[in-house]
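In my numbering, the protein residues as written are 5 to 434. The C-beta atom is built at its ideal place from N, Cα and C for all residues, glycine as well. Note that the coordinates shown come from a computational prediction; the quantities given were computed from them, not determined experimentally. Please read the structure below before turning to the comments.
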Amino acid sequence: MKKNIVIIYGSRSTEHDISILSALQIYNAIDKQKYNVDLIYVSHNFKWYTGKKLRDLSTYKEFDTKGLKEVAILPSSQYLYIKNMLGFRQYKKIDCAILSLHGKNGEDGTIQGLLELSQIPYTSSGVVGSSVGLDKNIMKQVFLQNKIPITKYVELCKSDFDSKNYNIQKIIKKVELPVIVKPNSLGSSIGISMCRTIDELIDGIKLAFLFDEKVLIEKLVQNLKEVNISVLGDGKDCIVSATEEVQNKGEFLTFEKKYLSSNFPNKTQNKVKNNQKNSKIEAKNSNFATKSKKELEFLTNKVDSETQNNKSSGTKNGMQNLDRIIPANITKTQKKLIENLAKKIFIATNSKGVVRIDFMIDTKTQKVYANEINTIPGSFAFYLWEKCGITFDKLADRLIEIASNRNKEQEKLISNFDSSVLNQGVAVKK
Ligand SMILES: Nc1ncnc2c1ncn2[C@@H]1O[C@H](COP(=O)(O)OP(=O)(O)O)[C@@H](O)[C@H]1O
Ligand SMILES: [Mg+2]
């Protein structure tokens, strides 16, 4: 019998749009002979919808709910519910939810928590693994505990910054200029700046606080080479993919170009303008300022072409657009080191399914630093698995298998314990 699969994506996150692209990519790739697949789009205002028109990328450009059905997943039920005049009615049992959510309200353990309560198998890390992966500070603490090399960093809370309860000289003494300032739990390079002076650092901190209540100030890795790798597994057994090198083209982007261009939503532009008047931040000699836009362009092209041609998968010409080299141009020793560190990180962070772990190499000192884990990587990192002979449809099969097995294992665990405490006549204060 065909399994009922839902792909959940969107949600209130700065990475909402990238999540749509990842969702349509896996929708196009998944084997429809094996699975009944429904798309479930979580809109910015947290309403959940399903319907055929969600398969078209154009639907999201000016989203309206015409022709769509509002749906819900409820705790304590493995069913998808459809809204009608009387409320929500049971629609179909969900065998597995593929989570294609990036960033907050999806990659952070929140939807995972709902699915745990509903006992619906799902394809990402669990609640803890997901939230550790999205909180860069906690993630780095886990890395440090496990002797994973990372750059020096300092965490700063908004309340401390607002009440001037911090010492900028102390921070600089610890991390040394130039630094990278980033929101603690965002993705896709949003709100990140490189700062070379104290003034730039203060501006960078203010900018990052527009997006998050905690920011990280990190020592800049000079002569940067970025190398990513994907890990696939169920926690105990995991395998690593090919490596990719994301090329740094040394582009120069001013603060205004980065945050006040027409590519950036008006609301954010206004906030940035209000908060950052006269800002002089420049993201010199770095690729992170343009990365997210390029990623979007690449993904949009890919989904568009696949939707039109109804292809099942394939990277075709996409990688050149993103300036990626697969496999990464690194030494055998570095490759082995990155593979081992990636597996170690996968296990230490309690990861499940497919993740992408990003590393930074200082090409002068040849030192390797772990940057971050992405517990639901863009495009499910399928392009790295294709290079190892695992096609996107097979990757989806494996993710569903891992999710189902984990669910079965959890069902075996004792979750009730009959204690005698209620029969002991213990007084309850009124
Ligand atoms: N310490 C650092 N040194 C140099 N570049 C960095 C550093 N931290 C981040 N970057 C650059 O910024 C990009 C985004 O940072 P990252 O921590 O991966 O945040 P995000 O979650 O937004 O992807 C990285 O891909 C890299 O190009
Ligand atoms: Mg990153």
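Heavy atom of ligand 2 within 8 Å of residue i beta-carbon
i, result
"N378", "yes"
"S17", "no"
"Y216", "Per the sequence presented here, residue 216 reads as Asp, with Tyr not at that position. False, no ligand heavy atom lies under 8 Å from that Cβ."
"S47", "no"
"S26", "no"
"D327", "no"
"D139", "no"
"G71", "no"
"N375", "yes"
"D362", "yes"
Nearest residue (CA-CA) to residue i, options the options
i, options, result
"T69", "P79, S80, Y45, L90", "Y45"
"D216", "L236, I206, L205, L190", "L190"
"W52", "Q37, I86, N40", "I86"
"I12", "T18, D21, A27, M5", "A27"
"V358", "E111, F50, D60, K178", "E111"
"N232", "N141, V183, I334", "I334"
"I243", "I196, N344, F165", "N344"
"Q94", "I102, L103, P79", "P79"
"A352", "L205, Q226, L148", "L148"
"D42", "V425, I98, S192", "I98"
"I394", "V235, K336, N378, I380", "V235"
"S163", "P153, K218, L118", "K218"
"K348", "L58, K57, V146", "V146"
"T155", "Q251, V432, L228", "L228"
"E222", "S245, D241, I196", "I196"
"L84", "N420, I9, K140", "I9"
"G14", "K56, K96, I115", "I115"
"T379", "L417, L138, G208", "L138"
"G130", "D366, K140, I102", "I102"
Residue i burial status per 10 Å Cβ neighbour count (16 or more: buried)
i, result
"H48", "exposed"
"C392", "exposed"
"M89", "exposed"
"R328", "buried"
"Q324", "Residue placement at Q324 cannot be trusted, given a pLDDT of 35 that sits under 50; what the coordinates show is reported in the next sentence. Looking at its Cβ environment, which holds fewer than 16 other Cβ atoms inside 10 Å, Q324 is exposed."
"N267", "No answer about N267 holds up, because its pLDDT of 43 lies below 50 and its placement is not dependable."
"G71", "exposed"
"K144", "buried"
"A385", "buried"
"E286", "Because E286 sits at a pLDDT of 34, beneath the cut-off of 50, its placement in the model cannot be relied upon, and the point is left open."
"E66", "exposed"
"T127", "buried"
"I202", "exposed"
"A499", "This structure cannot speak to residue 499, because the chain is shown only from 5 to 434."
"V425", "exposed"
"L205", "buried"
Residue i beta carbon near ligand 1 (any heavy atom closer than 8 Å)
i, result
"K210", "no"
"L224", "yes"
"L228", "yes"
"K168", "no"
"K186", "yes"
"M193", "Checking the sequence shown, residue 193 turns out to be Ser, not Met. For ligand 1, at least one heavy atom lies less than 8 Å from the Cβ of S193."
"V231", "no"
"V250", "yes"
Sheet register partners of residue i (DSSP bridge)
i, result
"Y45", "Y13, Y53"
"S104", "Y13"
"F92", "K87"
"N232", "E248, D362"
"Y126", "A101"
"E222", "Y157, I184"
"S197", "V185"
"K73", "T54"
"K371", "D366"
"E376", "D362"
"R328", "V250"
"G237", "C242, G357"
"Y39", "K7"
Same chain, Cβ closer than 7 Å to residue i, neighbours up to 5 away in sequence not counted
i, result
"K6", "K38, Y39, N40"
"S135", "D112, G113"
"I435", "No answer is possible for residue 435: it lies beyond the span of the chain, which begins at 5 and ends at 434."
"Y170", "L160, D164"
"I175", "V158, I221"
Residues near residue i by beta carbon distance below 8 Å, same chain, minus five either side
i, result
"S17", "S23, L105, H106, G107, K108, N109, G110, E111"
"K339", "T247, P331, A332"
"E74", "K51, W52, Y53, I86, K87"
"S81", "Q94, S122"
"D401", "D35, K38"
"I172", "I202, L205, I206"
6 Å CB neighbourhood of residue i in its chain, flanking five on each side removed
i, result
"K434", "none"
"I406", "D238, G357"
"Y157", "L220, E222"
"P125", "C100, A407, S408, N411"
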